[in-house]
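First residue of the sequence shown: -1, per the numbering used here; consecutive thereafter. For every residue, glycine included, the Cβ atom is placed at its ideal position computed from N, Cα and C. Every value quoted in this text rests on a predicted model; they were computed, and no experiment measured them.
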Amino acid sequence: PAKLYILAGTSYFSNGKTMILRSGDYGATFDTVNVTSQFTAHGNGLGRNSGEKLAVDPQNGAVIFCGTSTSGLFRSADSGKTWTLVEGTKTLSGASLTNDVGIAYVLFDSTSGKASNGGTKDVYVGVGTSSVASLYKSTDGGATFAAVTGAPSYMAMRGVIRGDTLYGTYSNGSGPYSQNGGQVWKYILSTGVWTNITPRIDSSGVDLGYYASGHEGYGYAFNGITVDPTNSKRLIVATLSCYGGANVWADGSNNAGDVFFLSEDGGSTWKVLNPWNGSQTVDANGNAWISG
-1 PAKLYILAGT SYFSNGKTMI LRSGDYGATF DTVNVTSQFT AHGNGLGRNS GEKLAVDPQN
59 GAVIFCGTST SGLFRSADSG KTWTLVEGTK TLSGASLTND VGIAYVLFDS TSGKASNGGT
119 KDVYVGVGTS SVASLYKSTD GGATFAAVTG APSYMAMRGV IRGDTLYGTY SNGSGPYSQN
179 GGQVWKYILS TGVWTNITPR IDSSGVDLGY YASGHEGYGY AFNGITVDPT NSKRLIVATL
239 SCYGGANVWA DGSNNAGDVF FLSEDGGSTW KVLNPWNGSQ TVDANGNAWI SG
């Protein structure tokens, strides 16, 4: 638990260097591994809302994966000291460091056991490149990957695995802008069944009878997602640049922001957490520029 890893890099800082920062003391100190010659990150590029691209194997802390925007999926077996491109994954990335998501996230199915290479057997990667499938799976500890049948045609943004279910949010563009639609899906790992669970209610809490994405003239994707670690059917998703939900500031003023949806039944039904008639208050946490 004392170990912390950070993927850091922005194209117009430090001559475009990309580093893996590694801490063994809860972040008090770090050393750095320069990976610029193998892959680069652009923390302020389009698709910066997707993730997480850097993921530590929960069954083997020395194994780390790093998804990239333009260079494929990389794997380290020595706590981030050295990195190797996973064969066949270069095509899952885009061509533009500024505009493409590439590999959006890496997830582990901890119930699948261990592979011969010492890592978790089943590994999933969400892909935000529209020319290929949006979800890929490895059954050999991340040595090789194949497209998952029936995956949504939208670009993967974020994902969470709880128990036998993978929940994912999707967009028709990299975001956080230049997109106007998206969806939320769940995938049952054991059966391979996909279900569209996109909320059907608008930001005022009205049941539309159809999927909410694009309603109110805003056009929006879905991005943020979290699932209760003690209840796999309880989850929250957030829109992406919708500006259809209410933000109430400490002084009582209102402003538009993203909409947060809560489901208690695995996505069958939803309710809005920040409707226009709500009284929730946003805490700017000392960041004055956020208000308004």
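Integer Cβ distance of residue i from residue j, believed to fall under 8 Å
i	j	result
Y185	N170	Actually they are not in contact, since the Cβ atoms of Y185 and N170 sit about 19 Å apart, beyond 8 Å.
L233	S261	5 Å
V257	T237	5 Å
K135	A144	6 Å
V182	T196	5 Å
G78	V31	6 Å
L90	S172	Not really, about 15 Å apart at Cβ, beyond 8 Å.
T109	P56	11 Å between Cβ atoms; not a contact.
N42	T8	5 Å
K88	G65	About 12 Å; that fails the 8 Å criterion.
G166	G124	6 Å
D76	A53	Contact flag wrong, Cβ pair sits at about 16 Å.
Y103	S48	7 Å
W274	A244	5 Å
Residue burial classification, residue i (beta-carbon count within 10 angstroms, cutoff 16)
i	result
D120	buried
L5	buried
S176	exposed
P150	buried
L206	exposed
T147	exposed
F11	exposed
T68	buried
P227	exposed
Y218	buried
S132	buried
Y24	exposed
K51	buried
N229	exposed
P(-1)	exposed
S251	exposed
S239	buried
N283	exposed
N272	buried
A113	buried
Y26	For clarity, residue 26 is Ala in the given sequence; the question names Tyr instead. Classification for A26: exposed.
S188	exposed
V225	buried
Opposing strand residues paired with residue i [DSSP bridges]
i	result
K231	Answer by DSSP bridge pairing: none, since K231 is not bridged.
T237	F220
G49	R156
K184	Y165 and T193
R20	Y3 and D29
A39	Paired residue(s): none; A39 is not in a bridge.
G255	G243
T82	R73
D205	I199
S261	L233
DSSP-derived helix/strand/coil call for residue i
i	result
G140	coil
T127	coil
G70	coil
S12	helix
L133	strand
K269	strand
A149	coil
L90	helix
A282	coil
I288	helix
T200	Correcting the residue identity first, residue 200 is Asp in this sequence and not Thr. D200: coil per DSSP, three-state reduction.
V61	coil
L44	coil
Closer than 6 Å: residue i CB and nearest the ligand GDP heavy atom
i	result
S261	Judged by which ligands are present, the structure shown has none, so any question about the ligand GDP falls away.
Fully enclosed by the region 96 to 126, which beta strand (DSSP E) runs are 3 residues long or longer? 101 to 112 and 118 to 125
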